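So the structure is just underneath, and the comments pick up after that.
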Amino acid sequence: AQSVTQLDSHVSVSEGTPVLLRCNYSSSYSPSLFWYVQHPNKGLQLLLKYTSAATLVKGINGFEAEFKKSETSFHLTKPSAHMSDAAEYFCVVLGTYKYIFGTGTRLKVLA
Amino acid sequence: GAGVSQTPSNKVTEKGKYVELRCDPISGHTALYWYRQSLGQGPEFLIYFQGTGAADDSGLPNDRFFAVRPEGSVSTLKIQRTERGDSAVYLCASSFISGSGADTQYFGPGTRLTVL
Chain B
1 AQSVTQLDSH VSVSEGTPVL LRCNYSSSYS PSLFWYVQHP NKGLQLLLKY TSAATLVKGI
61 NGFEAEFKKS ETSFHLTKPS AHMSDAAEYF CVVLGTYKYI FGTGTRLKVL A
Chain Y
112 GAGVSQTPSN KVTEKGKYVE LRCDPISGHT ALYWYRQSLG QGPEFLIYFQ GTGAADDSGL
172 PNDRFFAVRP EGSVSTLKIQ RTERGDSAVY LCASSFISGS GADTQYFGPG TRLTVL
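Protein sequence lines, in the order shown, are assigned to chains B and Y. Quick note on numbering: the working numbering labels position 48 of the first sequence as 48, and the sequence is numbered without any gaps. Quick note on numbering: the working numbering labels position 108 of the second sequence as 219, and the sequence is numbered without any gaps.
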C-alpha cells in the first residue's frame, strides 16, 4: 500500500531564506507524487507533480522537489521564502486512482 | 476557465438532520472524487466515481454516507442522521482518466459542515 509521511508538522523560516518541507513515501511500485498547497479558507492548489520522468521537478511560485528513490523521499524546496508562501502544504501519493495525503506541514514565514 | 465548484460553502445543521453537499466538476472530467478533511488533518478519501458509477466507495465511513452522480457530471454527497463527528470540510475533486491512469486531480473550495 502507498503512504506518505511528512516529517514536520510546523516549519518556520524568515522571509528571504530557503524553505525545506520533508516528505518520505512508501510504495510497492514506482509512485506518482504531488505537492499541494492550501491557503486559509482556500482550495487545494497543485504545486508540482512527479510521474517517473525527470527526478527534479519544478513547480509554480519557485518551488521544486527532487524524487530520490534510494532515500524514498520527495522533499519540497524553495530558495527564498516570501510572506505569501505561508500556508499548509500536503505531500500526496497516488494510490489506485485515489490520493493519499500526508498530515500536512504548516509553513510560517517571519518578517 | 471554470474550476470545480461546491455548494454550499458552509452548512450548519443539527445532530440527527439530513444534509446534501453538491459538487460541479470541471466540464469533461470523467472522474470525480470526494474527500473529507477534519481539523488539523490531511484530506481522506471517501468515494470515487468513474462516469455515473461509484468505482470505489471504500472510504465511506458507514452507511449514513451515500453519494450519487446520476448523469456523470454533478455529484451529491448525502449524509443521514448527522453526528457531531461528521463536522469537517468536504472536498470534491475531478480529473481526466487518461490511458496511463489517473491524471491530476483539481479540487473545489470545499464545503465546511458543522453539526451542532
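Beta carbons are placed, not taken as given, at the ideal position from N, Cα and C, and that holds for glycine. None of these values were measured; they are calculated from a predicted model.
Relative to chain B, which residues along the region 162-173 of chain Y have a C-beta separation below 8 Å, given in chain order? For the region 162-173 of chain Y, the set of positions with a beta-carbon nearer than 8 Å to some beta-carbon of chain B reads Ala166, Asp167 and Gly170 in chain order.
So, helix, strand or coil for Arg228 (chain Y), using DSSP? Residue 228 (chain Y) lies beyond the stretch modelled for chain Y, which goes from 112 to 227, so this question has no answer here.
Between Pro136 (chain Y) and chain B, is there a C-beta pair that is closer than 8 Å? So no, Pro136 (chain Y) is outside the interface.
The region 79-91 of chain B / the region 103-110 of chain B touching (three or more Cβ pairs under 8 Å): Because the criterion of three Cβ pairs below 8 Å is met, the region 79-91 of chain B and the region 103-110 of chain B touch.
Could you confirm whether any beta carbon from chain B is found closer than 8 Å to the beta carbon of Tyr144 (chain Y)? Chain B, which has a Cβ nearer than 8 Å to the Cβ of Tyr144 (chain Y), makes this yes.
Cutting at 6 Å between CB atoms, please list the residues of its own chain near Lys128 (chain Y), excluding the five before and the five after it. The answer, listed in chain order, is Thr193.
Tell me which same chain residues have a C-beta within less than 6 Å of the C-beta of Phe67 (chain B), skipping the five on either side of it? Cβ within range, chain order: Tyr50, Thr55 and Phe74.
Quick one: list the residues of chain Y neighbouring Thr103 (chain B), beta-carbon separation under 7 Å, in chain order. Simply Gln152 and Gly153.
Contacts around Gly114 (chain Y), its chain only, beta-carbon distance under 8 Å, and the 5 residues preceding and following it disregarded: Excluding its 5 nearest sequence neighbours in each direction, Gly114 (chain Y) has C-beta neighbours in its own chain below 8 Å: Ile137, Tyr217 and Gly219, listed in chain order.
Check the Cβ-Cβ distances between Lys49 (chain B) and every residue of chain Y, and say whether any is below 8 Å. So, interface residue.
Restricting to Cα atoms, I'd like to know which of B:Leu21, B:Gln6, B:Ser70 and B:Tyr29 is closest to Ala86 (chain B). Minimum Cα distance to Ala86 (chain B) is reached at B:Leu21.
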